[in-house]
Every structure is written in C-alpha cells, then in structure tokens.
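The numbering of the sequence shown is the working numbering, which starts it at 220 and goes up by one. Reading through the structure tokens given below for one structure.
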Amino acid sequence: MSILTRLFKHGAGAKKDMGTYGEDHAVRMLKKAGCKVLERNFRTRMGEIDVVADEDGTLLFVEVKTRGKHSIAKPFESVDRRKQEKIIKASLEYLSKNNIDEDTPIRFDVISIVVDGESVDTEYIKNAFDMDG
C-alpha cells in the first residue's frame with residue numbers, strides 16, 4: 220500500500236492531509252539538519268508561514284509545498300511573486316510580534332515535496348527569494 224493510500228483521505232480532506240504530511244516531513248528534515256523549529260503555521264491576516272525556524276542565528280521562514288507525482292508543475296513553482304509577497308508581509312508581522320531585532324539575519328526558503336507511491340522526493344531551496352523579489 221502506498222504512502223498516499225495509507226495517509227491521505229480521499230475527497231475534500233485529501234489536500235489538507237497532503238499539506239500536513241509535507242509540513243511534518245519538512246519539520247523532521249529541518250530538525251535533522253540542526254535547525255530549531257520555533258513555530259508552525261504562523262497565521263496573520265496578510266498570510267501564513269508554514270514553518271519558522273532558527274539555523275545558527277538566522278531566522279528561516281519556510282514555505283512547504285507538497286504534491287503527488289501526477290502534478291503538472293513542481294511544487295515550488297506555485298510559490299509565485301504573489302505568494303512570496305504574502306509570506307514577506309506575514310514575516311514582517313512575525314518579526315514585529317516577537318520583537319525580533321532588525322539586524323537579525325533572515326532567509327526565505329522553500330521545501331518542495333513530491334510523494335510518489337512509497338517514495339518521497341524532497342528539494343530544499345535555500346534563499347528561494349528575498350524581500351526585494
């Protein structure tokens with residue numbers, strides 16, 4: 220039985236289940252790489268940040284995109300300029316809410332996950348975009 224069959228509902232909840240699976244996978248990967256996960260699913264009216272983590276003093280704002288193998292585009296391709304702007308606005312709210320010093324280095328990363336039967340293909344794109352576009 221494939222990962223998709225075991226883990227995901229069919230129908231209305233399938234997309235949410237896939238997203239949660241991808242975020243869980245990304246968090247495990249970040250922790251294994253030595254990052255400290257500070258928050259998941261930070262929501263504001265401007266947008267959402269899937270994962271906020273610390274990597275040796277650099278604050279990471281990580282967007283996680285998960286798709287099945289039959290998806291037309293690669294998951295990271297859906298992080299277009301409009302989505303980037305929402306993430307940037309949400310990150311500014313995170314920085315303000317948590318009184319993060321403006322000199323703290325930050326980075327915007329994307330973790331792209333494709334689930335294919337029993338395998339999971341992960342691509343971690345560090346510095347996927349910046350505040351300037």
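Note that the Cβ used here is the ideal one computed from N, Cα and C, for glycine as well. In this text the structure is predicted, and so the values were computed from the model without any measurement.
{"Query": "For ALA252, count neighbouring Cβ atoms within 10 angstroms of its own Cβ and tell me buried if that reaches 16, exposed if not.", "Result": "exposed"}
{"Query": "Would you call ALA231 buried or exposed, if buried means 16 or more other Cβ atoms sit within 10 Å of its Cβ?", "Result": "Interpretation of ALA231 is limited by its pLDDT of 45, a score under 50 that renders its predicted location unreliable; no figure is taken from the coordinates."}
{"Query": "Within 10 angstroms of its Cβ, does GLY276 collect 16 or more other Cβ (buried), or is it exposed?", "Result": "exposed"}
{"Query": "From SER331 to LYS302, what distance separates their C-alpha atoms?", "Result": "15 Å"}
{"Query": "Please report the distance separating the alpha-carbon of ILE268 from that of VAL339.", "Result": "22 Å"}
{"Query": "What residues are listed by DSSP as bridge partners for ALA285?", "Result": "Residue identity check: residue 285 is Thr in the sequence provided, not Ala. Answer is ILE332, bridged to THR285."}
{"Query": "So what's ALA272 in DSSP terms, helix, strand or just coil?", "Result": "strand"}
{"Query": "Going by DSSP in three states, GLU321 sits in which element: helix, strand or coil?", "Result": "coil"}
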